[in-house]
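What follows is a short report on a single structure.
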Ligand SMILES: CC(C)(COP(=O)(O)OP(=O)(O)OC[C@H]1O[C@@H](n2cnc3c(N)ncnc32)[C@H](O)[C@@H]1OP(=O)(O)O)[C@@H](O)C(=O)NCCC(=O)NCCS
């Protein structure tokens, strides 16, 4: 049995950092950044906190949800890999502002940029019968951790949030593959800043994702050509293009919509889902693959199999 997406919304802060701004801060160029990443600008939260962004995305996600469904949300997971405050946890801060009942299991989860996928794996196990609902709110503010004199990291990351409401669905099936490799050297925080070996992560993602995507499709007995959309962590457009090329699947099925947002870490996949809903693309998809990867190293692939039905309500 599986899950279905009931509602989704994003919140992107108004602040922005363009390639031309970065040209004034480090030795780089708009041309280099666009060629290597596809990025033009990044959304920056400035004074807004992770909780502020989570509340804005969560409120929008729930605004058109029927009260009887909202009342049945029994689990809230906030995914965040960049929380400065540590305690209290963000999820506790947003239960009341979102109007959720207090008899809710609410906690934060961190598995780097893979966190959204691991949260989805968690709620899938929680959604066991009709009428079960779960809310995932993903919010990250990487700009708090970026050294804006390090051209290897400052060009990539942006801030943002997205909320997704999931329900149990008989008409869909759910398959997943996860991997965690102990390798703290490629992406870590030391002192104030995040350090990254971008080329290693690039190799890891392009080297492992195609095979695991094939594996999850085999597990779900779905031919790879029958997958309508591959929603990959929006880390770098070139990684996504390379994975599509290796799988010999048209780029159109591998949407990239982060050019003016940046790599937002855990919200990147749900932000993409909201963009594709705006374009009326996600609603038409029957089989969807979601894939996250990042610090840890961590990796998670999910196949939402529609069994002839759409996986978005
Ligand atoms: C960060 C990233 C864009 C760098 O691109 P790359 O093609 O791998 O570049 P490299 O790090 O190999 O560096 C190539 C050259 O460009 C230079 N360079 C690095 N950043 C630069 C910048 N912003 N502007 C100009 N030159 C830059 C390097 O110093 C290097 O120069 P050299 O050949 O003289 O030594 C890329 O590795 C990437 O996106 N990786 C994935 C990161 C990721 O997904 N992180 C999040 C995981 S959740």
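Numbering (this note's numbering), first residue to last: 331 to 643.
Note that the Cβ used here is the ideal one computed from N, Cα and C, for glycine as well.
Going by C-alpha positions, residue 361 is about 33 Å away from residue 384.
One thing to note: residue 373 has its Cβ within 7 Å of the Cβ of residue 342.
Comparing alpha-carbon positions, the option among 428, 432, 409 and 502 lying closest to residue 448 turns out to be 409.
In the three-state reduction of the DSSP assignment, residue 519 falls in the strand class.
With a cutoff of 6 Å, residue 547 does not count as near ligand 1, since its C-beta is closer than that to no heavy atom of the ligand. Residue 362 has its CB nearer than 6 Å to a heavy atom of ligand 1.
If you look at residue 452, you'll find it in the alpha helix (DSSP H) that goes 445–456.
Secondary structure of residue 388 (DSSP, three-state): helix. Every alpha helix (DSSP H) of 4 residues or more that sits fully in the region 583–627 is shown, in chain order, as 598–608. Within the region 453–533, the complete alpha helix (DSSP H) segments of 4 residues or longer fall at 481–484, listed in chain order.
Relative to residue 635, the option among 492, 505, 454 and 572 whose CA is nearest is 505.
The residue from 641, 588 and 590 with its alpha-carbon nearest to that of residue 615 is 641. According to the DSSP assignment, residue 338 belongs to the beta strand (DSSP E) that extends over 332–341.
Note on geometry: alpha-carbon atoms of residue 397 and residue 511 lie some 42 Å from one another.
Around the beta-carbon of residue 340, 16 or more other beta-carbon atoms lie within 10 Å, marking it buried. Distance between residue 629 and residue 359, taken at the CA atoms: about 31 Å. For residue 430, same chain residues with a beta-carbon under 7 Å away, outside a window of 5 residues either side, are 403 and 406 in chain order. DSSP places residue 549 within a helical segment (H, G or I) once states are collapsed to three. Judged by the Cβ position, residue 531 qualifies as a neighbour of ligand 1 at the 6 Å threshold, a heavy atom of the ligand being closer than this.
Beta-bridge partners of residue 413 (DSSP): none assigned.
Cβ contact annotation for residue 576 (same chain, cutoff 6 Å, sequence separation greater than five): 540, in chain order.
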